[in-house]
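Residue numbers (the working numbering), protein chains in the order written: chain W, 1 to 333; chain X, 1001 to 1333.
Number of protein chains: 2
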Amino acid sequence: MKNRQYLLASRPVGKPTRENWEYAETEVEGLGDNEVLVNVEYISLDPAMRGWMNEGKSYIEPVQIGEVMRAGGVGKVIESTDPNFSAGDYVYGQLGVQAVAKISTQGLHKVDPDLAPLPRYLGVLGMPGMTAYFGLLETGQPKDGETVVVSGAAGAVGSVVGQIAKIKGCRVVGIAGGKEKCDYLINELGFDAAIDYKNESVKDGLKSTCPDGVDVYFDNVGGDILDDVLTRINLRARIVICGAISQYNNTTEVKGPSNYLSLLVNRARMEGIVVFDNAKHYGKAAQEMAGWIAQGKLKAKEHVVEGLETFPETLMMLFEGENFGKLVLKVDS
Amino acid sequence: MKNRQYLLASRPVGKPTRENWEYAETEVEGLGDNEVLVNVEYISLDPAMRGWMNEGKSYIEPVQIGEVMRAGGVGKVIESTDPNFSAGDYVYGQLGVQAVAKISTQGLHKVDPDLAPLPRYLGVLGMPGMTAYFGLLETGQPKDGETVVVSGAAGAVGSVVGQIAKIKGCRVVGIAGGKEKCDYLINELGFDAAIDYKNESVKDGLKSTCPDGVDVYFDNVGGDILDDVLTRINLRARIVICGAISQYNNTTEVKGPSNYLSLLVNRARMEGIVVFDNAKHYGKAAQEMAGWIAQGKLKAKEHVVEGLETFPETLMMLFEGENFGKLVLKVDS
């Protein structure tokens, strides 16, 4: 059986290009114990992937040169040596950027294609949804009536953060790029206001949309926007550091937040999160979020691009802000 | 009755100079209700004073142009219209940079010159001690066996932070400038190790003195040292932002911590503190610290410079790292 894979060929300096990838056509090997063969249907593209391409200590091992690129994905089991999984089951797991995954069943779990379209298991019902849920509620600790600001607000994590904050009774302001995304946040997702960072000053936008200051900031982007928000935080504000997509392709030093002393002035807190820490509680969170979805309080949007071969270019859409909703790669059959 | 005062003449750009001050000889006015006249004996010189000279929103109002410079101080009451205070009482309060303070008794409290030398009420028994106590214990939350690093370690706050961390069973590493200070930290205060930032690489020093990483970092200095520590923090580390003396005289933007994404990787927290928030609990803290002093577990050092007139230059010793212990200005009589 044939497979198609993207292997990491070299570590990028700055933006990843085609040269950093090796597209390989390989033969699928036979299964060992407790393994499955999965026909990969959808692959999750996430900003964190940029970090996994770098060498050095992080919250997870880097992808090694010559390895299949790490990625979450959903697909259909076609062969199994684990009695808990059968051909025909749909599963979510770290399937990698490839058409067929031969993978241990450890860490794999089943998903139901009748309950939700498959790409949704990579978005609101997957890691981005969990990141939003735990990052906002546990670390951000929003209280009724507080102002919550989220960057990357039309993205997979940000859009869920904003909607959960609304459910919790907060005033919610999203920062996103372009009028279409900003309109979507307000008209479709019920955000109170949106700031279009591509066409207006974020500083001025925060002034006009957050007259009572910012109590919780959920940051997906870092850079100048983080610094702008720091000038508007309230006493005892909580800043959740989820990512810094503006900085991931830097060839120079990361821009540290020059206004970090606002933490001192306001006795505020900046705290990093990694979703995997909450793995034990995913079930409870998924149940609550499913309830919100059923009630129409939590909406989701996926941006599906077809063609495994397009992976190198499709991934870059994240860093140009070209995706609108959770970015998913559909494997052509 | 004659007074001598330092008024803020202009707002400094970068380092404050003589030109930013007006030395005034004035007449003391008569007392209003619930006021006292205090013969100021010792004036506290603190890094925070640099911030009070700037315009703009902070945790406290800026000193206005033409106003007496704000400063904590201890002195002897010479006249009172408040039945709770009598001539001869020694008091601590915001007495200002002047020889005589005509001041409301609100916020003033008595100190006992027989229990401790007066300058000590400006150090370990005053705001710096309280800052260390609450900043370390409430925000830093050190646990037995953890590694605590403190910068400005031979200063008024840092030296107390390190000693309290030792009392709590931590491994303690201090960062200070010069061999004399480093020797003092180890030999007199019982720190486990010291890094001399003036003569060695802080990064290398952290590597060798913190083989198990850093669990709590109490930061008084900001700048490159904060960035160096960020590369060595452990999972769920706590960084207490107490000050950033390296940045206070900047004429360019504050250097934000480029390595702040280490907070994400390590799910760590960076939190600012302002001592005044704990005012209700000063009494309890003072009692516990007095116990430690009596047991010889908590030592203090004051650096006393005599002569009110020297104030502009003596203040600058803080920013050059020239003080050794809590810097106090003794008013000449």
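Glycine included, C-beta positions come from ideal geometry on N, C-alpha and C.
{"Query": "Beta-carbon proximity check, residue 304/W vs residue 331/W, cutoff 8 Å", "Result": "no"}
{"Query": "Beta-bridge pairing of residue 1110/X - partner residues as DSSP gives them", "Result": "1091/X"}
{"Query": "CB contact check: residue 264/W to chain X, cutoff 8 Å", "Result": "yes"}
{"Query": "Distance between beta carbons of residue 101/W and residue 38/W, contact taken as under 8 Å", "Result": "4 Å"}
{"Query": "Close beta carbons around residue 81/W, own chain, < 8 Å, minus the five adjacent residues each side", "Result": "31, 32, 33, 34, 35, 36"}
{"Query": "Near-chain W residues of the stretch 1244-1275 of chain X (beta-carbon distance less than 9 Å), N- to C-terminal order", "Result": "1244, 1247, 1253, 1254, 1255, 1256, 1257, 1258, 1259, 1260, 1261, 1262, 1263, 1264, 1265, 1266, 1267, 1268, 1269, 1270, 1271, 1272, 1273, 1274"}
{"Query": "For residue 1039/X, the first and last residue of its enclosing beta strand (DSSP E)", "Result": "1035-1044"}
{"Query": "Classification of residue 211/W by the beta-carbon crowding that lies within 10 angstroms, buried from 16 upward", "Result": "exposed"}
{"Query": "Pair within 8 Å by beta-carbon distance, residue 182/W and residue 204/W", "Result": "no"}
{"Query": "Start and end residues, alpha helix (DSSP H) containing residue 1159/X", "Result": "1156-1167"}
{"Query": "Alpha-carbon spacing of residue 1269/X relative to residue 164/W, whole angstroms", "Result": "23 Å"}
{"Query": "Interface partners of residue 59/W on chain X, CB under 7 Å", "Result": "1265"}
{"Query": "Residue 194/W versus residue 1056/X: straight-line alpha-carbon distance, rounded", "Result": "28 Å"}
{"Query": "Where the alpha helix (DSSP H) through residue 311/W begins and ends", "Result": "311-320"}
{"Query": "Chain-order list of residues whose beta-carbon lies under 6 Å from that of residue 1271/X (same chain, five-residue window excluded)", "Result": "1139"}
{"Query": "Contact under 8 Å by Cβ, residue 1071/X with residue 1043/X", "Result": "yes"}
{"Query": "Residues that DSSP places opposite residue 1098/X in a beta bridge", "Result": "1005/X"}
{"Query": "Segment contact flag, the stretch 113-132 of chain W with the stretch 223-234 of chain W, C-beta cutoff 8 Å, min 3 pairs", "Result": "no"}
{"Query": "Buried or exposed by the 16-neighbour rule on C-beta atoms within 10 Å, applied to residue 1113/X", "Result": "exposed"}
{"Query": "Interface positions of the stretch 210-241 of chain W facing chain X (Cβ-Cβ less than 8 Å), listed along the chain", "Result": "222, 227, 241"}
{"Query": "Beta carbon proximity, residue 1277/X to chain W, threshold 8 Å", "Result": "yes"}
{"Query": "Residue from 1046/X, 1059/X, 1063/X with nearest C-alpha to residue 1020/X", "Result": "1063/X"}
{"Query": "Under 8 Å between C-beta atoms of residue 264/W and residue 1241/X", "Result": "yes"}
{"Query": "C-alpha gap between residue 47/W and residue 245/W, whole angstroms", "Result": "6 Å"}
{"Query": "Identity of the residues DSSP links to residue 171/W by a beta bridge", "Result": "147/W"}
{"Query": "C-alpha distance - residue 1126/X paired with residue 1120/X, whole-angstrom precision", "Result": "7 Å"}
{"Query": "C-beta contact flag for residue 1258/X and residue 254/W at 8 Å", "Result": "yes"}
{"Query": "Spatial distance of residue 177/W from residue 49/W (CA atoms)", "Result": "21 Å"}
{"Query": "Helix, strand or coil at residue 1272/X [DSSP, three-state]", "Result": "strand"}
{"Query": "Sheet register partners of residue 21/W (DSSP bridge)", "Result": "8/W"}
{"Query": "For residue 334/W, the three-state DSSP class (helix, strand or coil)", "Result": "There is no way to answer for residue 334/W, as the model of chain W reaches only from 1 to 333."}
{"Query": "Pairwise C-alpha distance: residue 1147/X and residue 1235/X", "Result": "12 Å"}
{"Query": "Of the listed residues 1051/X, 1066/X, 1067/X, nearest to residue 1060/X (C-alpha basis)", "Result": "1051/X"}
{"Query": "Classification of residue 302/W by the beta-carbon crowding that lies within 10 angstroms, buried from 16 upward", "Result": "buried"}
{"Query": "Bridge-paired residues (DSSP) for residue 1217/X", "Result": "1149/X, 1239/X"}
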